[in-house]
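**Q** Would you mind keeping the following structure in view while I ask a few things?
Residue numbers (UniProt numbering): 1 to 105.
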């Protein structure tokens, strides 16, 4: 919830996200819908990876929370870790399953 509060409840952050996504085409949005469930933040997007988009949007959310003045940015720590590493919790579990657990649970 803090991620969305930082964006949706802050006019500056919301406008930043709207500006960032304003020129995304229908084809790009559809590609993201199709690929992100499989490739996550490693999804190629424009001149980089979706991870780079996530870094910007996370900053907007953090800035929005800071402007609220309620010291809520700590609630973004887990999201920030996913963005920093580029690994979702599901990807971490899959890595454990395929490596450490030897495909046995």
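In this text, a Cβ means the ideal position worked out from N, Cα and C, and glycines have one as well.
So what does DSSP say about residue 37, is it helix, strand or coil?
**A** One-based indexing of the chain shown puts residue 37 at position 37. Three-state result, residue 37: helix.
**Q** Quick one: Cα of residue 85 to Cα of residue 13, how far?
**A** Position 85 of the chain shown, counted from the start, is the residue given in the question as residue 85. Position 13 of the chain shown, counted from the start, is the residue given in the question as residue 13. If you take the alpha carbons of residue 85 and residue 13, they lie about 23 Å apart.
**Q** In the structure shown, what three-state DSSP assignment does residue 87 receive?
**A** On the chain shown, position 87 is the one that residue 87 refers to. Three-state DSSP puts residue 87 in coil, outside helix and strand.
**Q** Secondary structure at residue 129, three-state DSSP: helix, strand or coil?
**A** Lying outside 1 to 105, the shown extent of the chain, residue 129 is not represented and no answer is given.
**Q** For residue 23, name the three-state secondary structure that DSSP assigns.
**A** Indexing the chain shown from 1 puts residue 23 at position 23. It is coil, neither helix nor strand.
**Q** Just to check my reading of the structure: residue 40 and residue 91 have Cβ atoms closer than 8 Å, yes? What is that Cβ distance to the nearest angstrom?
**A** As a first step, residue 40 is located in the chain shown; it is residue number 40 there, counting from the start. As a first step, residue 91 is located in the chain shown; it is residue number 91 there, counting from the start. Yes, residue 40 and residue 91 are in contact; Cβ-Cβ is about 6 Å, under 8 Å.
**Q** Identify whether residue 72 lies in helix, strand or coil by the three-state DSSP scheme.
**A** The residue you call residue 72 lines up with position 72 of the chain shown. If DSSP states are grouped into helix, strand and coil, residue 72 belongs with coil.
**Q** Tell me where the alpha helix (DSSP H) around residue 105 begins and ends.
**A** Reading the chain shown from its first residue, position 105 is the one you call residue 105. No alpha helix (DSSP H) contains residue 105, which DSSP labels as neither H nor E.
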